Amino acid sequence: MNTRQVQFFFIFFQISCFFSSSLVFSNTLEDLRVWTSPNETRVVMDFTDEADYSYFILNKPERLVVDFKKTTLNTTLPKNVINNSILTKIRKSTPPNKFTYRLVFELKHKASKLNLFRLSPTPGGQYGHRLVINLSHPKKQLKKVKSNNTIYLNQGISRSFNDIIIAIDAGHGGEDSGSIGPTGKYEKHITLKVSKKLAEKINTMPGIKAILTRSGDYFVNLNKRSEIARKNKANLLVSIHADAFYTPHPRGASVFILNNKRADTEISRWIEDHESHSELLGGTGQVLINKNVDKDVSKTLLDLQFNHSQKESYKLATKILKEIKKFSYLHQKHPVNASLAILKSPDIPSVLVEIGFLSNPIEEKLLSQNDYQNKLAESLARAIVQYLKENPVENSLFFNFPNIRKHKVQPGEFLGKIAQQYSVTINQLRLVNELQSDQLLIGQIIMIPSNSNNL
6 MNTRQVQFFF IFFQISCFFS SSLVFSNTLE DLRVWTSPNE TRVVMDFTDE ADYSYFILNK
66 PERLVVDFKK TTLNTTLPKN VINNSILTKI RKSTPPNKFT YRLVFELKHK ASKLNLFRLS
126 PTPGGQYGHR LVINLSHPKK QLKKVKSNNT IYLNQGISRS FNDIIIAIDA GHGGEDSGSI
186 GPTGKYEKHI TLKVSKKLAE KINTMPGIKA ILTRSGDYFV NLNKRSEIAR KNKANLLVSI
246 HADAFYTPHP RGASVFILNN KRADTEISRW IEDHESHSEL LGGTGQVLIN KNVDKDVSKT
306 LLDLQFNHSQ KESYKLATKI LKEIKKFSYL HQKHPVNASL AILKSPDIPS VLVEIGFLSN
366 PIEEKLLSQN DYQNKLAESL ARAIVQYLKE NPVENSLFFN FPNIRKHKVQ PGEFLGKIAQ
426 QYSVTINQLR LVNELQSDQL LIGQIIMIPS NSNNL
């Protein structure tokens with residue numbers, strides 16, 4: 006064999022090795038992201054192809070070990086995870102053989118629930134093949150606190166009346182970014198900002214309390230969002246989204262409510278799912294939990310419940326459109342009936358508000374502005390209050406005092422002077438604020454009822 010033949014053989018050998026290696030390691034781990042929510046941590050891994058994996062658990066210390074077949078790494082490790090309830094580090098480790106890539110997830114505690122699943126590429130090409138790992142956080146133990154003699158100021162929230170609970174749902178979150186605007190603005194960020202502003206405005210109002218289905222950039226399952234609302238005994242659910250279209254021209258807000266076809270589907274599901282009947286708010290759940298109730302009765306009760314919820318949703322949706330119209334465009338002038346999972350609760354009137362088109366360059370800019378987000382939050386808050394005044398919840402401040410306000414006690418003020426200022430009686434102030442005495446403190450917040458004479 007001459008020199009030229011040796012050189013040719015060497016080059017051929019290198020090329021063969023290259024292609025052989027490429028065929029053996031046919032997948033690549035491109036990126037790795039960690040999302041933290043109150044109840045779980047989600048790890049999302051991006052691959053060039055569908056992940057072929059297996060996993061096992063190691064104890065003392067707690068570790069999750071995941072092996073990937075025929076996979077190479079194209080991202081930086083180790084990755085330290087800070088301020089997380091369960092995950093501390095993600096690192097690579099020695100694999101069992103040369104055709105396997107091994108990742109180790111170092112845990113603080115044993116995961117109460119572990120779930121691994123693949124996700125296919127998104128139709129728009131935003132994401133490719135993914136593997137998702139959900140690590141449930143350990144349940145927090147409630148500590149018994151010894152009683153002390155600390156006296157807390159009465160902030161004016163009357164315990165004789167029930168707070169009206171408004172569940173505010175910020176659409177998307179975490180891995181689910183929602184729509185993306187022309188300049189790269191994410192729907193999930195905008196909906197969260199508007200939702201937080203709305204919650205803040207609602208929580209300044211007497212007799213109303215807002216709860217968020219998510220308070221950060223993490224994913225919450227659609228069914229879980231309804232569960233959060235129901236667990237908190239929500240009277241209304243308002244879901245915030247931003248619309249999108251494949252052309253930049255459409256603009257304006259829309260409000261969606263549940264359509265009849267989806268309502269019928271949900272009625273059938275609730276009838277079959279007897280174990281969930283106890284979760285329903287109000288009297289319907291208490292009746293349906295009785296196993297002696299036949300399906301016809303169950304269907305009738307659920308039909309009445311859905312019908313009531315749809316009617317109330319329509320009323321609220323109409324108020325919202327009326328308020329948004331005062332300062333912005335409407336894409337749909339009337340509530341739109343739709344089959345959307347977030348609207349499917351039979352016991353909680355629910356609306357989904359598309360606050361504008363993120364695909365429209367003008368509206369993308371507006372929706373990203375703090376002032377415009379404040380306008381949206383204020384309009385939604387006004388619509389909710391108007392609805393509650395016209396449709397007051399029984400045993401709430403709105404039911405007994407529909408025009409209630411707040412007053413901050415100033416130096417030199419006393420109960421009689423405040424009563425005179427607002428043309429109400431001292432007895433009304435005592436009742437609404439559950440005052441044990443007429444002594445007030447500077448800075449104390451008290452509720453001012455309407456000046457009716459029914460007490």
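Quick note: the sequence shown, position 105, residue 110 per our numbering, numbers continuous.
The beta carbon of each residue, even a glycine, is placed where N, CA and C say it ideally should be.
Note that the structure is predicted; figures quoted are calculated from it, not measured.
{"Check": "Residue from Phe110, Ser90, Ser42 and Asp57 with nearest C-alpha to Val70", "Outcome": "Phe110"}
{"Check": "Reference Asp181, options Ile169, Asp222 and Lys198, closest by Cα", "Outcome": "Asp222"}
{"Check": "C-beta contact flag for His114 and Pro126 at 8 Å", "Outcome": "no"}
{"Check": "Ile447, DSSP secondary structure in three states", "Outcome": "coil"}
{"Check": "Cβ distance (whole Å) where Ile169 is taken to contact Val398 below 8 Å", "Outcome": "5 Å"}
{"Check": "Residues near Glu383 by beta carbon distance below 8 Å, same chain, minus five either side", "Outcome": "Lys206"}
{"Check": "Three or more C-beta pairs below 8 Å linking the segment 58-67 and the segment 231-246", "Outcome": "no"}
{"Check": "Distance between beta carbons of Ile353 and Arg230, contact taken as under 8 Å", "Outcome": "At roughly 11 Å, the Cβ-Cβ gap does not stay under 8 Å, so Arg230 and Ile353 are not in contact."}
{"Check": "Which of helix, strand or coil DSSP assigns to Gln291", "Outcome": "For Gln291, the predicted model reports a pLDDT of 44, less than 50, meaning its position is unreliable and no value from the coordinates is stated."}
{"Check": "Candidates Lys190, Ser220, Pro187 and Pro143: closest to Asp174 by CA position", "Outcome": "Ser220"}
{"Check": "Given Asp376 as reference, the closest of Asn265, Ile325, Leu203 and Leu326 once Cα atoms are compared", "Outcome": "Leu203"}
{"Check": "Which of helix, strand or coil DSSP assigns to Asn153", "Outcome": "Bear in mind that the predicted position of Asn153 carries a pLDDT of just 36, short of 50, making it unreliable; the figure below should be weighed with that in mind. Looking at Asn153 - three-state DSSP - the assignment turns out to be coil, as it is neither helix nor strand."}
{"Check": "Residues near Asn89 in its chain [Cβ-Cβ closer than 7 Å; skip 5 each side]", "Outcome": "Thr41 and Thr46"}
{"Check": "For Tyr60, the three-state DSSP class (helix, strand or coil)", "Outcome": "strand"}
{"Check": "Start-end ranges of the alpha helix (DSSP H) lying completely within the segment 215-266, minimum 4 residues", "Outcome": "227-236"}
{"Check": "Span of the beta strand (DSSP E) around Glu111", "Outcome": "Thr105 to Leu112"}
{"Check": "Length of the line joining the Cα atoms of His177 and Val225", "Outcome": "8 Å"}
{"Check": "Selection from Leu92, Tyr132 and Ser98 that minimises the alpha carbon distance to Leu119", "Outcome": "Leu92"}
{"Check": "Extent of the continuous beta strand (DSSP E) to which Leu140 belongs", "Outcome": "His134 to Ser141"}
{"Check": "Assumed close pair Tyr392, Lys338 - CB separation to whole angstroms, cut-off 8 Å", "Outcome": "Going by Cβ atoms, the distance from Tyr392 to Lys338 rounds to 18 Å, so no, they are not a contact pair."}
{"Check": "Member of Tyr58, Thr188 and Thr81 whose CA lies at the smallest distance from the CA of Arg107", "Outcome": "Tyr58"}
{"Check": "Asn438 versus Gln426: straight-line alpha-carbon distance, rounded", "Outcome": "17 Å"}
{"Check": "Asp376 in three-state terms, based on DSSP", "Outcome": "helix"}
{"Check": "For His412, the residue or residues it bridges with in DSSP", "Outcome": "Ile451"}
{"Check": "C-beta atoms of Leu335 and Ala249 nearer than 8 Å", "Outcome": "no"}
{"Check": "The beta strand (DSSP E) enclosing Ile347, as first and last residue numbers", "Outcome": "No beta strand (DSSP E) contains Ile347, which DSSP labels as neither H nor E."}
{"Check": "When Phe404, Ile431, Thr188 and Glu359 are compared against Asn167, the one with the closest alpha-carbon", "Outcome": "Phe404"}
{"Check": "Candidates Asp54, Val358, Arg68 and Thr80: closest to Leu124 by CA position", "Outcome": "Asp54"}
{"Check": "With 16 other Cβ atoms within 10 Å as the buried cut-off, status of Thr80", "Outcome": "exposed"}
{"Check": "Rounded C-alpha distance that separates Asn102 from Pro255", "Outcome": "55 Å"}
{"Check": "Nearest-angstrom Cα separation, counted from Asn379 out to Lys394", "Outcome": "22 Å"}
{"Check": "Lys422 classed as buried or exposed, judged by whether at least 16 other C-beta atoms fall within 10 angstroms", "Outcome": "exposed"}
{"Check": "Per-residue DSSP class, three states only, for Tyr319", "Outcome": "helix"}
{"Check": "Among Leu37, Tyr251, Thr77 and Ile360, nearest to Phe261 - alpha-carbon criterion", "Outcome": "Ile360"}
{"Check": "Classification of Ile189 by the beta-carbon crowding that lies within 10 angstroms, buried from 16 upward", "Outcome": "According to the sequence as given, residue 189 is Gly; it is not Ile. So Gly189 ends up on the exposed side."}
{"Check": "Under 8 Å between C-beta atoms of Ser3 and Asn44", "Outcome": "No answer is possible for residue 3: it lies beyond the span of the chain, which begins at 6 and ends at 460."}
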